[in-house]
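Structure, as structure tokens:
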Amino acid sequence: MSELNMSMVDVTSIKRNVSSLEVEKRWTVAQIVELFELPFSDLIYRAQTVHRDNFDPNAVQVSTLLSIKTGGCSEDCGYCPQAARYHTDVENEPLMPIDEVLAAARAAKESGASRFCMGAAWRSPKQKDLEPVLKMISEVKAMGLQTCATLGMLKEGQAAQLKDAGLDYYNHNLDTAPEFYGDVITTRTYQDRLDTLDSVREADINVCCGGIIGMGESRNQRAGLIAQLANMERPPESVPINLLTQVEGTPLHGVDELDQFEFIRTIAAARITMPKSFVRLSAGRQSMHEGVQALCFIAGANSIFYGEKLLTTGNPEAETDKQLFAKLGLHPI
Ligand code: SAM
Ligand code: DTB
Ligand code: SF4
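Put into structure tokens, the structure is as follows:
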């Protein structure tokens, strides 16, 4: 090897080592806790500055969500009304016929959504269930909508099939910090979730990954969730931050309500630590005053779910959101 080639090899390996060091040290939990501890105005100013450096601050990405397979889920996620083992009002329904899914996608497009997200209450899709979903994805994509699906854990090869069908985003949440995770879910591990996220990345599908705030976790644990997301080799393109919607019959029903400023602080921390990601103000908007939502947008949220229903719980009326956008001078993308 010539001297020149030798030094090129050295530089490449040094660069690789430096960049893996950067990935490991991008954000420590302690640094994120420091963000949470800033005076509110300082935190919001910093988040808004990062936001303006990276995005049009008045543009909000709009997704519509449809539950294509509701209820009867085998898992024990303590927040979820769709788990079969909890006694909630949600019934176990079969997979929705494709015509109904396409009609909902058409309506979503007409009302201005750019992305259509299909959710299924599965631990993981069986191959016989995946086939019809692949067809739904390709037909929704053909309407000119971006496609997103959230179907649970993926087995080998399934992410590639979703990609081939035209899937743009896969939603799979870490939900909370590793230390709190076992208090909420026992039927799948944190590592199971990370493995699914890896297979989504490998299939070159955009990652949508976030969590739920207000489940009784500590501030440290909220920061721990944000650190997990921000320190991924490539942070998720889309980061849904859900405020727990408490549903009667689930184990987390009755947990102490989170102070809304703490929720806004979590949005700001996500924005500062993941400057290029879309941060989605997700579940919980129905219970939020419009002033709180406005603060979330100022703190860097730039995506919402649009339409009266999330999967099984309520979301603001479309007309109410149109009025809020008009009042704040926001436009949908
Ligand atoms: N079954 C699949 C899974 O768990 O990945 C997909 C659907 S699941 C309902 C998608 C996400 O919705 C969960 O990971 C959780 O973050 C969120 N979610 C479910 N119930 C919620 C609730 N009551 N409040 C806030 N977010 C909730
Ligand atoms: C996400 O993070 N939030 C959405 C979406 N991904 C699938 C789901 C919220 C569900 C809220 C409870 C329900 O409606 O059942
Ligand atoms: Fe099932 Fe998903 Fe609900 Fe967990 S969050 S119980 S996996 S539908």
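First residue of the sequence shown? That's 416 in my numbering, and the numbers climb one at a time after it. Ideal placement from N, C-alpha and C gives every residue a C-beta, glycine not left out. Note that the coordinates shown come from a computational prediction; the quantities given were computed from them, not determined experimentally.
For this session: Tell me, please, which residues DSSP counts as bridged to asparagine 586.
Result: Cys623
Exercise. Do you know offhand how far valine 448's Cα is from serine 633's?
Worked result: Distance from the CA of valine 448 to the CA of serine 633, rounded to the nearest whole angstrom, comes to 11 Å.
Exercise. What number of angstroms, rounded off, separates the C-alpha of glycine 572 from the C-alpha of glutamate 648?
Worked result: 22 Å
Exercise. Closest by CA to leucine 560, which one among Asn588, Trp537, Gly534 and Leu517?
Worked result: Ranked by how close their Cα comes to the Cα of leucine 560, the residues Asn588, Trp537, Gly534 and Leu517 have Leu517 in first place.
For this session: Answer yes if the region 696-706 comes into contact with the region 726-734, meaning at least three C-beta pairs across the two stretches below 8 Å, and no otherwise.
Result: Below 8 Å, enough C-beta pairs join the region 726-734 and the region 696-706 to call them touching: three or more.
For this session: Give the single residue among Met511, Arg637, Met568 and Asp674 whose Cα lies nearest to the Cα of valine 548.
Result: Met511
For this session: Compute the distance between the beta-carbons of valine 505 and phenylalanine 531, then report whether it is under 9 Å.
Result: no
Problem set entry | Alpha carbon of alanine 523 to alpha carbon of valine 465, nearest angstrom | 31 Å
Exercise. Taking the alpha helix (DSSP H) that alanine 513 falls in, what are its first and last residues?
Worked result: Alanine is not the amino acid found at residue 513; the sequence shown has isoleucine there. Residues 513-525.
For this session: Consider the C-beta atom of isoleucine 600 and the heavy atoms of the ligand SF4; say whether any pair is separated by less than 8 Å.
Result: yes
Exercise. With a CB to CB cut of under 6 Å and the five nearest residues on each side skipped, what residues in its chain are close to histidine 502?
Worked result: Gly664
Problem set entry | Distance CB(glycine 720)-CB(arginine 695) smaller than 9 Å | Residue identity check: residue 720 is phenylalanine in the sequence provided, not glycine. Contact: yes.
Exercise. In the DSSP assignment, what residue or residues form a beta bridge with threonine 397?
Worked result: Lying before the first or after the last residue shown, residue 397 is absent from the chain, which here runs from 416 to 748.
For this session: Could you check what DSSP says for isoleucine 447 in three-state terms: helix, strand or coil?
Result: helix
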